[in-house]
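K.L.:
There's a structure below that I have some questions on.
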Amino acid sequence: MRDITRATLRLRLRELDIKIIDLTRIFGISRPTVYKMIENYERGELTEVRMECISLFNYITQNKYVTVNQVQIYVAENILTRRQTKREPRFDSINKEAFIKILLDCNHFDCLLGYFLSCYKLLEKDNLNSDEKKFLEPLKKLYHSLGHDIKK
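Using this note's numbering, read the sequence shown as starting at 1 and increasing by one per residue.
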(Lines of atoms letter the chains of each structure in order from A and count residues from 1; the text may use other names and numbers.)
(Lines give C-alpha, C1' and ligand atoms only; values in the text may rest on other atoms or scores of the structure.)
Protein backbone atom coordinates (compact mmCIF):
# COMPACT_ATOMS: atom_id res chain seq x y z
CA MET A 1 0.00 0.00 0.00
CA ARG A 2 1.49 3.36 -0.95
CA ASP A 3 1.74 6.20 1.52
CA ILE A 4 -0.74 8.99 0.80
CA THR A 5 0.94 12.40 1.14
CA ARG A 6 0.51 15.92 -0.16
CA ALA A 7 2.79 15.12 -3.09
CA THR A 8 0.24 12.62 -4.42
CA LEU A 9 -2.64 15.07 -4.80
CA ARG A 10 -2.47 15.17 -8.61
CA LEU A 11 -2.36 11.37 -8.74
CA ARG A 12 -5.37 11.09 -6.40
CA LEU A 13 -7.30 13.63 -8.49
CA ARG A 14 -6.58 11.51 -11.59
CA GLU A 15 -7.56 8.29 -9.81
CA LEU A 16 -10.85 9.84 -8.73
CA ASP A 17 -11.39 11.40 -12.17
CA ILE A 18 -11.71 14.86 -10.64
CA LYS A 19 -10.91 17.44 -13.30
CA ILE A 20 -9.39 20.88 -12.83
CA ILE A 21 -12.58 22.36 -14.27
CA ASP A 22 -14.51 20.62 -11.46
CA LEU A 23 -12.27 22.31 -8.90
CA THR A 24 -12.70 25.71 -10.58
CA ARG A 25 -16.47 25.34 -10.19
CA ILE A 26 -16.23 24.15 -6.59
CA PHE A 27 -13.93 26.96 -5.46
CA GLY A 28 -15.09 29.66 -7.87
CA ILE A 29 -11.54 30.38 -9.03
CA SER A 30 -9.71 30.24 -12.36
CA ARG A 31 -7.86 27.22 -13.74
CA PRO A 32 -4.43 28.86 -13.29
CA THR A 33 -5.34 29.60 -9.66
CA VAL A 34 -6.39 25.97 -9.10
CA TYR A 35 -3.07 24.79 -10.56
CA LYS A 36 -1.23 27.21 -8.26
CA MET A 37 -3.21 25.98 -5.22
CA ILE A 38 -2.35 22.35 -6.08
CA GLU A 39 1.31 23.21 -6.63
CA ASN A 40 1.58 25.12 -3.35
CA TYR A 41 -0.25 22.35 -1.48
CA GLU A 42 2.10 19.70 -2.86
CA ARG A 43 5.13 21.77 -1.83
CA GLY A 44 3.70 22.23 1.66
CA GLU A 45 3.34 26.00 1.24
CA LEU A 46 -0.01 26.01 3.03
CA THR A 47 -0.06 29.72 3.79
CA GLU A 48 -0.43 30.25 0.04
CA VAL A 49 -3.45 27.91 -0.24
CA ARG A 50 -7.07 28.78 0.56
CA MET A 51 -8.35 27.01 3.66
CA GLU A 52 -11.24 25.41 1.77
CA CYS A 53 -8.73 24.01 -0.74
CA ILE A 54 -6.53 22.64 2.05
CA SER A 55 -9.59 21.04 3.60
CA LEU A 56 -10.64 19.28 0.39
CA PHE A 57 -7.09 18.36 -0.64
CA ASN A 58 -6.45 16.83 2.80
CA TYR A 59 -9.69 14.87 2.56
CA ILE A 60 -8.67 13.51 -0.83
CA THR A 61 -5.05 12.67 0.03
CA GLN A 62 -5.47 11.44 3.59
CA ASN A 63 -8.36 9.03 2.94
CA LYS A 64 -6.91 6.18 0.91
CA TYR A 65 -10.25 4.60 0.09
CA VAL A 66 -12.32 7.72 -0.57
CA THR A 67 -14.54 7.57 -3.65
CA VAL A 68 -15.58 10.33 -6.00
CA ASN A 69 -19.10 10.11 -4.54
CA GLN A 70 -17.73 10.66 -1.05
CA VAL A 71 -15.74 13.65 -2.32
CA GLN A 72 -18.92 15.11 -3.84
CA ILE A 73 -20.75 14.67 -0.53
CA TYR A 74 -17.82 16.25 1.32
CA VAL A 75 -17.86 19.24 -1.03
CA ALA A 76 -21.62 19.65 -0.64
CA GLU A 77 -21.53 19.41 3.15
CA ASN A 78 -18.33 21.30 3.90
CA ILE A 79 -17.69 23.80 1.12
CA LEU A 80 -20.91 24.62 -0.70
CA THR A 81 -23.02 24.62 2.47
CA ARG A 82 -20.65 27.07 4.14
CA ARG A 83 -20.82 29.32 1.09
CA GLN A 84 -24.64 29.15 0.92
CA THR A 85 -25.14 29.89 4.60
CA LYS A 86 -22.42 32.54 4.37
CA ARG A 87 -20.82 31.29 7.55
CA GLU A 88 -17.79 33.23 8.53
CA PRO A 89 -14.52 31.34 8.52
CA ARG A 90 -13.71 29.90 11.91
CA PHE A 91 -10.59 32.06 12.17
CA ASP A 92 -10.08 35.65 11.07
CA SER A 93 -6.95 34.95 9.09
CA ILE A 94 -5.89 32.37 6.53
CA ASN A 95 -2.48 32.42 8.23
CA LYS A 96 -4.09 31.36 11.52
CA GLU A 97 -5.91 28.53 9.81
CA ALA A 98 -2.76 27.37 8.01
CA PHE A 99 -0.73 27.55 11.22
CA ILE A 100 -3.34 25.59 13.15
CA LYS A 101 -3.29 22.98 10.40
CA ILE A 102 0.50 22.78 10.68
CA LEU A 103 0.24 22.45 14.48
CA LEU A 104 -2.09 19.50 14.01
CA ASP A 105 0.06 17.82 11.35
CA CYS A 106 3.56 18.12 12.83
CA ASN A 107 5.35 18.35 16.16
CA HIS A 108 7.87 21.12 15.39
CA PHE A 109 6.11 23.59 17.70
CA ASP A 110 4.94 21.22 20.44
CA CYS A 111 7.61 22.39 22.87
CA LEU A 112 6.23 25.94 22.64
CA LEU A 113 2.56 25.16 23.14
CA GLY A 114 2.70 24.86 26.94
CA TYR A 115 4.60 28.13 27.17
CA PHE A 116 2.12 29.94 24.91
CA LEU A 117 -0.84 28.59 26.89
CA SER A 118 0.74 29.83 30.12
CA CYS A 119 1.43 33.21 28.50
CA TYR A 120 -2.18 33.45 27.36
CA LYS A 121 -3.41 32.90 30.92
CA LEU A 122 -1.04 35.57 32.24
CA LEU A 123 -1.97 38.07 29.53
CA GLU A 124 -5.62 37.71 30.55
CA LYS A 125 -4.81 38.80 34.12
CA ASP A 126 -5.14 42.44 35.16
CA ASN A 127 -2.10 42.57 37.44
CA LEU A 128 1.09 40.55 37.18
CA ASN A 129 3.67 39.93 39.88
CA SER A 130 7.39 40.19 39.13
CA ASP A 131 7.80 36.44 38.46
CA GLU A 132 4.93 36.49 35.97
CA LYS A 133 6.39 39.52 34.21
CA LYS A 134 9.76 37.75 34.03
CA PHE A 135 8.05 34.66 32.59
CA LEU A 136 6.60 36.82 29.77
CA GLU A 137 9.98 38.35 28.81
CA PRO A 138 10.81 35.83 26.02
CA LEU A 139 7.38 36.43 24.49
CA LYS A 140 7.86 40.20 24.69
CA LYS A 141 11.25 39.85 22.97
CA LEU A 142 9.71 37.74 20.21
CA TYR A 143 6.94 40.28 19.66
CA HIS A 144 9.45 43.13 19.69
CA SER A 145 11.66 41.37 17.11
CA LEU A 146 8.59 41.18 14.85
CA GLY A 147 7.84 44.87 15.31
CA HIS A 148 4.98 44.44 17.81
CA ASP A 149 4.53 45.11 21.51
CA ILE A 150 2.65 43.43 24.33
CA LYS A 151 0.93 45.81 26.71
CA LYS A 152 1.80 43.97 29.95
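Backbone N, C-alpha and C fix where the C-beta goes; we use that ideal spot for every residue, glycine too.
To the nearest angstrom, how far is it from the Cα of TYR35 to the Cα of TYR74?
P.N.:
Each residue's alpha carbon lies about 21 angstroms from the other.
K.L.:
Let me know the alpha helix (DSSP H) ranges lying completely inside the region 24 to 93, each 4 residues or longer, listed in chain order.
P.N.:
Qualifying alpha helix (DSSP H) stretches, in chain order: 31 to 43, 51 to 62, 68 to 75 and 81 to 85.
K.L.:
For CYS119, which of PHE135, ASN107 and ASN129 has the nearest alpha-carbon?
P.N.:
CYS119 has its Cα closest to that of PHE135, out of PHE135, ASN107 and ASN129.
K.L.:
Using DSSP with H/G/I as helix, E/B as strand and the rest coil, what is ASP3?
P.N.:
A caution first: ASP3 carries a pLDDT of 38, below 50, which makes its placement in the model too unreliable to give a value.
K.L.:
Starting from HIS144, trace the alpha helix (DSSP H) in both directions and tell me its first and last residue.
P.N.:
Looking at the DSSP string, the run of the alpha helix (DSSP H) that includes HIS144 is 130 to 145.
K.L.:
How far does the alpha helix (DSSP H) with PHE116 in it extend, from its first residue to its last?
P.N.:
Residues 110 to 124.
K.L.:
Kindly indicate the opening and closing residues of the alpha helix (DSSP H) around LEU9.
P.N.:
Taken as a continuous stretch (DSSP letters only), the alpha helix (DSSP H) holding LEU9 covers 9 to 15.
K.L.:
Classify GLU52: buried if its beta carbon has 16 or more other beta carbons within 10 angstroms, exposed otherwise.
P.N.:
Buried is the call here.
K.L.:
Quick one: using the 10 Å Cβ neighbour count with 16 as the cut-off for buried, is ILE150 buried or exposed?
P.N.:
So ILE150 counts as exposed.
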